[in-house]
Amino acid sequence: MSGLLALLDDVAAIAKLAASQIDDIAAQATKAGSKAAGVVIDDAAVTPKYVTGLPAARELPIVWKIARASFFNKLVILLPIALLLNAALPWLLTPLLMIGGAYLCFEGAEKVWHMLVPHDKSHLEQAETLDAAHLEEQRVKGAIKTDFILSAEIMTISLAAIEADNIWTEGIVLAMVAIAITAAVYGAVALLVKADDVGLKISQVGRFAITRWFGTAIVKSMPTVMTLISTIGTAAMLWVGGNIIVHGLHTLGVHLPYETIHHFASLVSQQVSAAQAVVEWLVTATADGILGLALGLALIPVAKFLLVPTMKLLRNTD
């Protein structure tokens, strides 16, 4: 009898340890995911543009294609690479993260530049001449490329926030973050791209006038909503990219940008009597975004006159 009681006591201890480890993993996943929130907003805001102008029947299949690729990018490619780099070459993560941040700054600044300065629309005319299948293929490829960059940012930021004493716990937490974020992002994207269809259906079959009015309001509001989301996505690109660059420089020993921004944000927040933490965050995010915009604008001519011709030359050589 004493042996049975001892065994049950051991089982209870093991169960308690397992439960505490599960709780710890869940807490770590939540913390790591929250650190990548800015990139997640960016990801959710950027993706809907890739289905704009395509047949309504193809919207959800396209979102699913991109989502599958995103799961593959994060779980099969990026997760093992991130874990191996973190174990063998941890110093390399910051420079790689900064390269991704610079890319986000470039993408965001290019969108701002195109809004402010008239630009060549020949690529848009070329897109209009493509049939739906080829246009869809181009859109999906572009979305997957962008998702890969954003996924790399999400995985690297999340990994940096994980406090684990072994690679297995890191891997489990990172996988949980990858699955949860991807499901949340592309679930939200699916809702956004089908909202107008849902609104139209409600306006047609609603039994009450207020129901039909609500459906019509959804349809009429979606262009504004999509424009707002695109604007938020651009701002998020610049903010996240600038923030990554500032923190990367700080990690590498260049402290002036980080300390200047945070000192200025602290001074501004002290001038208000309420919500000081919110004000400090807003000032910091704005400063990071301005820095990201400046860096991105500087990278536009580099990409146009150096990187793009080099890539074309390499393709022609092949």
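Residue numbers for the sequence shown follow the numbering used here, beginning at 2 and rising by one. Quick reminder that beta carbons are idealized off the backbone N, C-alpha and C, glycines included.
Practice task
Mark residue 115 as exposed unless 16 or more other C-beta atoms lie within 10 angstroms of its C-beta, in which case mark it buried.
Solution key: Residue 115 sits at position 114 when you count from the first residue of the sequence shown. Looking at its Cβ environment, which holds fewer than 16 other Cβ atoms inside 10 Å, residue 115 is exposed.
Handout entry: Expected contact under 8 Å - CB spacing of residue 201 and residue 220 to nearest Å
Key = Position 200 of the sequence shown, counted from the start, is the residue given in the question as residue 201. Position 219 of the sequence shown, counted from the start, is the residue given in the question as residue 220. Their Cβ separation, rounded to whole angstroms, is 5 Å, which keeps residue 201 and residue 220 in contact under 8 Å.
Problem - Where residue 148 falls: helix, strand or coil (DSSP) - result: As a working mapping, residue 148 is identified with position 147 in the sequence shown. Residue 148 carries a helical assignment under DSSP once its states are collapsed to helix, strand and coil.
Handout entry: Backbone secondary structure at residue 173 - three-state DSSP
Key = Counted from its first residue, the sequence shown places residue 173 at position 172. In the structure shown, residue 173 falls within a helical segment according to DSSP collapsed to helix, strand and coil.
Problem - Where the alpha helix (DSSP H) through residue 68 begins and ends - result: On the sequence shown, position 67 is the one that residue 68 refers to. Run containing residue 68: 60-73, per the alpha helix (DSSP H) assignment.
Problem - Option nearest residue 149 by Cα separation, candidates 172, 191, 118, 79 - result: Working through the sequence shown from its first residue, we reach residue 149 at position 148. Out of 172, 191, 118, 79, 79 has the C-alpha closest to the C-alpha of residue 149.
Practice task
Quick one: give me the first and last residue of the alpha helix (DSSP H) that residue 260 is part of.
Solution key: Within the sequence shown, residue 260 is the residue found at index 259, counting from 1. For residue 260, the enclosing alpha helix (DSSP H) starts and ends at 257-270.
Exercise for the section: Enumerate in chain order the residues of its own chain whose CB-to-CB distance from residue 75 is below 7 Å, with the five nearest sequence positions on each side excluded. Expected result: Residue 75 sits at position 74 when you count from the first residue of the sequence shown. Taken in chain order, the residues that qualify are 152, 156, 179, 183.
Problem - Cβ neighbour criterion (16 or more within 10 Å) applied to residue 214 - result: Taking the sequence shown and counting its residues from 1, one reaches residue 214 at position 213. Answer is exposed; the Cβ neighbour count stays below 16.
Handout entry: Complete runs of the alpha helix (DSSP H) confined to the region 188-259 [at least 4 residues]
Key = Complete alpha helix (DSSP H) runs here, min 4: 210-252.
Exercise for the section: Taking residue 273 as part of the alpha helix (DSSP H), name the residues at either end of that continuous run. Expected result: As a working note, residue 273 is residue 272 in the sequence shown. Under the DSSP assignment, residue 273 falls outside any alpha helix (DSSP H); it carries neither an H nor an E label.
Problem - First through last residue of the alpha helix (DSSP H) which encompasses residue 87 - result: Position 86 of the sequence shown, counted from the start, is the residue given in the question as residue 87. Element bounds for residue 87: 80-89.
Handout entry: For residue 261, the nearest candidate out of 285, 207, 85 (CA to CA)
Key = The count along the sequence shown starts at 1 and reaches residue 261 at position 260. With distances taken between Cα atoms, residue 261 lies closest to 285.
Problem - Pairwise C-alpha distance: residue 265 and residue 278 - result: Within the sequence shown, the letter at position 277 stands for residue 278. Within the sequence shown, the letter at position 264 stands for residue 265. Looking at the two C-alpha atoms, the distance is approximately 13 Å.
Problem - Close beta carbons around residue 312, own chain, < 7 Å, minus the five adjacent residues each side - result: Taking the first residue of the sequence shown as position 1, residue 312 is located at position 311. Take residue 312, set aside five residues on each side of it, and no residue of its chain has a beta-carbon closer than 7 Å to its own.
Problem - the region 243-252 touching the region 92-106, judged by at least three CB pairs closer than 8 Å - result: Taking 8 Å as the limit for Cβ pairs, the verdict is that the region 92-106 does touch the region 243-252.
Practice task
For residue 160, I'd like the list of residues in its chain whose CB is within less than 8 Å of its CB, leaving aside the five on either flank, ordered along the chain.
Solution key: Sequence index remark: in the sequence shown, residue 160 carries index 159 (1-based). 33, 83, 84, 87, 94, 171, 175, listed in sequence order.
Practice task
Mark residue 188 as exposed unless 16 or more other C-beta atoms lie within 10 angstroms of its C-beta, in which case mark it buried.
Solution key: Against the sequence shown, residue 188 aligns to sequence position 187. Within a 10 Å sphere around the beta-carbon of residue 188 sit fewer than 16 other beta-carbons, which makes this residue exposed.
Problem - Distance between residue 258 and residue 195 (C-alpha atoms, nearest Å) - result: Start at 1 with the first residue of the sequence shown, and residue 195 comes out as number 194. Start at 1 with the first residue of the sequence shown, and residue 258 comes out as number 257. Straight-line Cα distance between these residues: approximately 42 Å.
Handout entry: Coil, strand or helix - residue 165 by DSSP
Key = Within the sequence shown, numbered from 1, the residue matching residue 165 stands at position 164. It is coil, neither helix nor strand.
Handout entry: Contacting residues, own chain, Cβ-Cβ under 6 Å from residue 292 (five flanking each side not counted)
Key = Residue 292 sits at position 291 when you count from the first residue of the sequence shown. Within the same chain, residue 292 has close Cβ partners 243.
Handout entry: CA nearest to the CA of residue 158, picked from 274, 101, 89
Key = The residue given as residue 158 occupies position 157 in the sequence shown. Closest by alpha carbon: 101.
Practice task
Quick one: using the 10 Å Cβ neighbour count with 16 as the cut-off for buried, is residue 276 buried or exposed?
Solution key: Numbered from its first residue, the sequence shown carries residue 276 at position 275. Answer is exposed; the Cβ neighbour count stays below 16.
Handout entry: Distance between residue 230 and residue 138 (C-alpha atoms, nearest Å)
Key = To locate residue 138, count along the sequence shown from 1; it is residue 137. To locate residue 230, count along the sequence shown from 1; it is residue 229. Rounded to whole angstroms, residue 138 to residue 230 spans 23 Å at the Cα level.
Exercise for the section: Note down the Cα distance separating residue 300 from residue 106, rounded to an integer number of angstroms. Expected result: Translated into positions along the sequence shown, residue 300 becomes position 299. Translated into positions along the sequence shown, residue 106 becomes position 105. Going by the C-alpha atoms only, they are around 8 Å apart.
Exercise for the section: Apply the 10 Å Cβ neighbour rule to residue 164 and answer buried if 16 or more other Cβ atoms are within range, or exposed otherwise. Expected result: The count along the sequence shown starts at 1 and reaches residue 164 at position 163. Residue 164 should be labelled exposed.
Problem - CA-to-CA distance, residue 181 to residue 24, given in whole angstroms - result: Indexing the sequence shown from 1 puts residue 24 at position 23. Indexing the sequence shown from 1 puts residue 181 at position 180. With a pLDDT of 48 at residue 24, under the threshold of 50, the modelled position of this residue cannot be trusted, and the question is left open.
Practice task
May I have the straight-line CA-CA distance separating residue 117 from residue 111, to the nearest angstrom?
Solution key: What you label residue 117 is simply residue 116 of the sequence shown in a count that begins at 1. What you label residue 111 is simply residue 110 of the sequence shown in a count that begins at 1. Residue 117 and residue 111 have their C-alpha atoms spaced approximately 10 Å apart.
Problem - Rounded separation between residue 70 and residue 141 - CA only - result: The sequence position of residue 70 within the sequence shown is 69, counting from 1. The sequence position of residue 141 within the sequence shown is 140, counting from 1. Straight-line Cα distance between these residues: approximately 10 Å.
Exercise for the section: Compare the beta carbon distance of residue 239 and residue 290 with 7 Å and say whether it is the shorter of the two. Expected result: Counting from 1 along the sequence shown, the entry for residue 239 is found at position 238. Counting from 1 along the sequence shown, the entry for residue 290 is found at position 289. Going by C-beta atoms, residue 239 is nearer than 7 Å to residue 290.
Problem - C-beta atoms of residue 144 and residue 233 nearer than 7 Å - result: Taking the first residue of the sequence shown as 1, we reach residue 144 at position 143. Taking the first residue of the sequence shown as 1, we reach residue 233 at position 232. Result no, Cβ atoms of residue 144 and residue 233 do not sit closer than 7 Å.
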